[in-house]
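First residue of the sequence shown: 1, per full-length UniProt numbering; consecutive thereafter.
A virtual CB, placed ideally from N, CA and C, is assigned to each residue, including glycine.
Just below is one structure, and these are the notes that go with it.
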Amino acid sequence: MATIRMIVGADIAVNFTDGMFKGIYNGKQCHVSDIATVLSRAWSAGVDRIIVTGGSLEESREALAIAETDGRLFCTVGVHPTRCKEFEEGGDPEKHFQALLSLAKEGIQKGKVVAVGECGLDYDRLHFCPADIQKKYFEKQFELAYITKLPMFLHMRAAAADFCELVERNRDRFTAGVAHSFTGSADDCIKLLSFDNMYIGINGCSLKTTENLDVVKGIPVEKMMIETDSPYCEIKNTHAGVGFVKSKWPSKKKEKYDQECIVKGRNEPCLVRQVFEVVAGCKGINDIGKLSETLYHNTCRVFFPHDLDSAADALLAGNSTS
Ligand SMILES: *[C@@H]1O[C@H](CO)[C@@H](O)[C@H](O)[C@H]1NC(C)=O
Ligand SMILES: [Zn+2]
1 MATIRMIVGA DIAVNFTDGM FKGIYNGKQC HVSDIATVLS RAWSAGVDRI
51 IVTGGSLEES REALAIAETD GRLFCTVGVH PTRCKEFEEG GDPEKHFQAL
101 LSLAKEGIQK GKVVAVGECG LDYDRLHFCP ADIQKKYFEK QFELAYITKL
151 PMFLHMRAAA ADFCELVERN RDRFTAGVAH SFTGSADDCI KLLSFDNMYI
201 GINGCSLKTT ENLDVVKGIP VEKMMIETDS PYCEIKNTHA GVGFVKSKWP
251 SKKKEKYDQE CIVKGRNEPC LVRQVFEVVA GCKGINDIGK LSETLYHNTC
301 RVFFPHDLDS AADALLAGNS TS
């Protein structure tokens, strides 16, 4: 149980707009909406900040509304590769872009929007959106980053070559980025890290196989961030890294919902601790205080540059009392 107080830092990817946090699974209401309960578990597990991801204009609006409910919540504004058709659906892509831009500006003013995203390329799910549309509007979103000076929250799945080409072509238009939920090869990793200011986001999906773990071992911690990508990508019992997990919570099936327990099969931000533990374990890192400082520092440099110092202080204070 999460009684030990150690700040693990941030969870940079949580989809609180997903129905599961409203208790809805496959269209069926199984329990009450429970974001507040999920958040309190996260804060007591040592999570300090959460970035709520938006994947479309509408979802980004909802993500901002959620982020406004707590000082430790922040969000992204952007369009996920699988949703890029929405630029053309209203018949006026430029108008859609302007709507995203004004939402991003509004959210920056409120101190809530910390990145453009999720955007990128996903060639595993071309049935949602063809590659040419994905590429066109991935590139368009660098313009959002350029105008707002926001970093980029990136999604790359089975598309490393095209992805890196687009990043290369637009490298002067954004300050920094993270390729989140990384599941690529060691080669992909090298390509990404050839861009200074590119970080790699690790979650349960990045820790599934022994090949995945080997890739993670090779990523310098100075270039890494951790996340859950809740409600997806949890660390399952079959995952290669599961042996390194130390923090566990009692769980129950969604049909037997109990607010004292996590829901089986639904990832949530307190579990970023497990990602942290597997990263430390597979890399053989013993100084976990130092590791959490480095990972959190990376996150703050990219997403919270204005309070880099105060965030680092909070982390040090948290770690020294653990
Ligand atoms: C969040 O969840 C919704 C509902 O399942 C989904 O449509 C959307 O693509 C997700 N967004 C992201 C950024 O993963
Ligand atoms: Zn993603």
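>> Taking 7 Å as the cut-off, is the C-beta of residue 372 nearer than that to any heavy atom in ligand 1?
In response: Nothing about residue 372 can be read from this structure; the chain reaches only from 1 to 322.
> Under 8 Å between the Cβ atoms of M225 and G201?
Replying inline: Between M225 and G201, the CB-CB gap stays under 8 Å.
>> Is S56 near ligand 2 - that is, is its Cβ less than 7 Å away from at least one heavy atom of it?
In response: Outside the cutoff, so no.
> Cβ of N15 within 7 Å of any heavy atom in ligand 1?
Replying inline: Remark: the C-beta of N15 is in contact range of ligand 1, defined as less than 7 Å to any heavy atom.
> Can you list, in chain order, the residues of its chain whose CB lies under 6 Å from that of H80, leaving out five sequence neighbours each side?
Replying inline: If we look at H80 and ignore the five residues flanking it on each side, its Cβ neighbours are G55 and E118.
> Who are D11's beta bridge partners in DSSP?
Replying inline: D11 pairs with I50.
> Just to confirm, does H31 get its C-beta within under 7 Å of one of the non-hydrogen atoms of ligand 2?
Replying inline: Answer for H31: no, Cβ out of range of ligand 2.
>> Quick check: the Cα distance between F97 and L103, rounded to an integer number of angstroms?
In response: Taking the Cα positions, F97 is about 10 Å away from L103.
>> Can you confirm whether the segment 213-222 touches the segment 252-260 when touching is taken to mean that 3 or more C-beta pairs between the two stretches lie within less than 8 Å?
In response: No contact exists between the segment 252-260 and the segment 213-222.
> Can E59 be considered in contact with ligand 3, in the sense that its beta carbon sits closer than 7 Å to one or more heavy atoms?
Replying inline: You won't find ligand 3 in this model; what it holds is ligand 1 and ligand 2.
> Going by the beta-carbon positions, is the gap between C205 and S230 smaller than 8 Å?
Replying inline: With contacts defined by Cβ atoms closer than 8 Å, C205 and S230 do not form a contacting pair.
>> Is G19 close to ligand 1? I mean its beta-carbon at under 7 Å from any heavy atom of the ligand.
In response: It does: the Cβ of G19 is within 7 Å (strictly closer) of some heavy atom of ligand 1.
> Using a Cβ-Cβ cut-off of 8 Å (strictly less than) and excluding sequence neighbours within five positions of V114, which residues of its own chain qualify?
Replying inline: Same-chain partners within the cutoff: I51, F74, C75, T76, L150, P151, F303 and F304.
>> Between M156, G91, D196 and T228, which has its C-alpha nearest F16's C-alpha?
In response: Answer by Cα proximity: T228.
>> Considering only heavy atoms of ligand 2 and the C-beta of each residue, which residues fall inside 6 Å, strictly closer?
In response: Counting every residue whose Cβ lies closer than 6 Å to a heavy atom of ligand 2, we get E118, H155, H180 and S181.
>> I need the straight-line Cα distance from C261 to K22, nearest angstrom please.
In response: Distance between the alpha carbons of C261 and K22: 16 Å.
> Where does E118 fall in DSSP's three states?
Replying inline: The answer is strand: DSSP assigns E118 an E or B state.
>> Quick check: the segment 25-44 against the segment 277-284, are at least 3 beta-carbon pairs closer than 8 Å?
In response: No, the segment 277-284 is not in contact with the segment 25-44.
> According to DSSP, is C164 helix, strand or coil?
Replying inline: Reduced to three states, the DSSP call for C164 is helix.
> Is the Cβ-Cβ distance between K135 and D162 less than 8 Å?
Replying inline: In this structure, K135 sits near D162, with a CB-CB distance shorter than 8 Å.
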